[in-house]
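Visitor: Sharing a structure here in structure tokens format.
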Amino acid sequence: GQNIDQPTEMTATEGAIVQINCTYQTSGFNGLFWYQQHAGEAPTFLSYNVLDGLEEKGRFSSFLSRSKGYSYLLLKELQMKDSASYLCAVRGFYFTGGGNKLTFGTGTQLKVEL
Amino acid sequence: DTEVTQTPKHLVMGMTNKKSLKCEQHMGHRAMYWYKQKAKKPPELMFVYSYEKLSINESVPSRFSPECPNSSLLNLHLHALQPEDSALYLCASSQETDSGGDNEQFFGPGTRLTVL
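Keeping their order, the protein sequence lines are chains A and B. Under my numbering, the first residue of the first sequence is numbered 1, with each subsequent residue one higher. Under my numbering, the first residue of the second sequence is numbered 1, with each subsequent residue one higher.
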């Protein structure tokens, strides 16, 4: 099975940097994704890590440590539009049915304030 | 075209009704997914289709019946639902299920379902 933990809520100031942590326990690990979801909208892909280290994409960076079962999403130069839920999702090999499946964490609701 | 479309956007149905949710993508993806999302909860996987064949059923009740008529379309047939089935139903697609790499899933906007 898979167990994924994230903080429920975070608040940060516009222009600042915020780090959202994710810890996971899984079998057949095959990658970790971060998605952003605004209220009432579909999740949108932000980043992907499968090897240890940091991946940078503009204002967003994501880090992975497979040995520690740990990832974080770093958001720089926060903007009001970054207020959303951030979902950590682990891709694991589905031993029964074959292929991979994605399991989402509970999500971190980020509120950006002036 | 990097869009997944879903219809309808909203659906209200009674417990005796039969309805269908539809999902379409034209990205050439061979994997399609149905997720259920309750308020303030993460998406929960229901079904996975790979190359138009059902590959994963997450022990979903039989009142939900998926169908993949072709590689671009995915339906979810609903019958005799319960009020607790009210949720946002999300469709997603990806290139494949078996490949590694940043084979991310693209999500549709969802259908907001209310069962009375």
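Where is the CB? At the ideal position from N, CA and C, for every residue including glycine.
Measuring only the C-alpha atoms, how far is B:Lys74 from B:Cys68?
Guide: The question names Lys, yet the displayed sequence has Leu at residue 74 of chain B. One C-alpha to the other measures close to 5 angstroms.
Visitor: Three-state secondary structure (DSSP) at B:Lys19?
Guide: Residue state, collapsed to three classes: strand.
Visitor: Report the CB separation of B:Pro42 from A:Thr106 in whole angstroms; it is logged as a contact under 8 angstroms.
Guide: B:Pro42 to A:Thr106, Cβ: 6 angstroms. Contact.
Visitor: Using a Cβ cut-off of 7 angstroms, which residues of the region 75 to 88 of chain A contact any Cβ in chain B, in chain order?
Guide: Answer set for the region 75 to 88 of chain A: Leu87.
Visitor: B:Pro109 to A:Gln36, Cα distance in whole Å?
Guide: For B:Pro109 and A:Gln36, the distance between alpha carbons rounds to 13 angstroms.
Visitor: Does the Cβ of A:Val90 have 16 or more other Cβ atoms within 10 Å, making it buried, or fewer, making it exposed?
Guide: Label assigned to A:Val90: buried.
Visitor: Could you pull out every residue in the same chain whose Cβ sits closer than 8 angstroms to the Cβ of A:Ser47, ignoring the five residues on either side in sequence?
Guide: Correct list, in chain order: Phe33, Trp34, Glu55, Lys57, Phe60, Ser61, Ser62, Leu73.
Visitor: So A:Gln109 is in the beta strand (DSSP E); what residue range does that whole segment cover?
Guide: 108 to 113 is the extent of the beta strand (DSSP E) around A:Gln109.
Visitor: Could you tell me whether the Cβ of B:Leu45 comes closer than 8 angstroms to any Cβ of chain A?
Guide: It does; some Cβ of chain A falls within 8 angstroms.
Visitor: Applying the 10 Å Cβ sphere with the 16-neighbour rule, what's the burial state of B:Glu104?
Guide: Buried: at least 16 other Cβ atoms inside 10 Å.
Visitor: Based on DSSP bridge pairs, tell me the residues matched to B:Cys91.
Guide: Paired residues: B:Trp34.
Visitor: If you drop the 5 nearest sequence neighbours on each side, which residues of the same chain put their C-beta closer than 6 angstroms to that of A:Gln109?
Guide: Same-chain partners within the cutoff: Glu9, Ser85.
Visitor: A:Glu77 lies in the beta strand (DSSP E); which residues open and close that run?
Guide: From DSSP, A:Glu77 is part of no beta strand (DSSP E); its letter is neither H nor E.
Visitor: Starting from A:Ala39 and walking both ways along the beta strand (DSSP E), at which residues does that stretch end?
Guide: Element bounds for A:Ala39: n/a, residue is neither H nor E.
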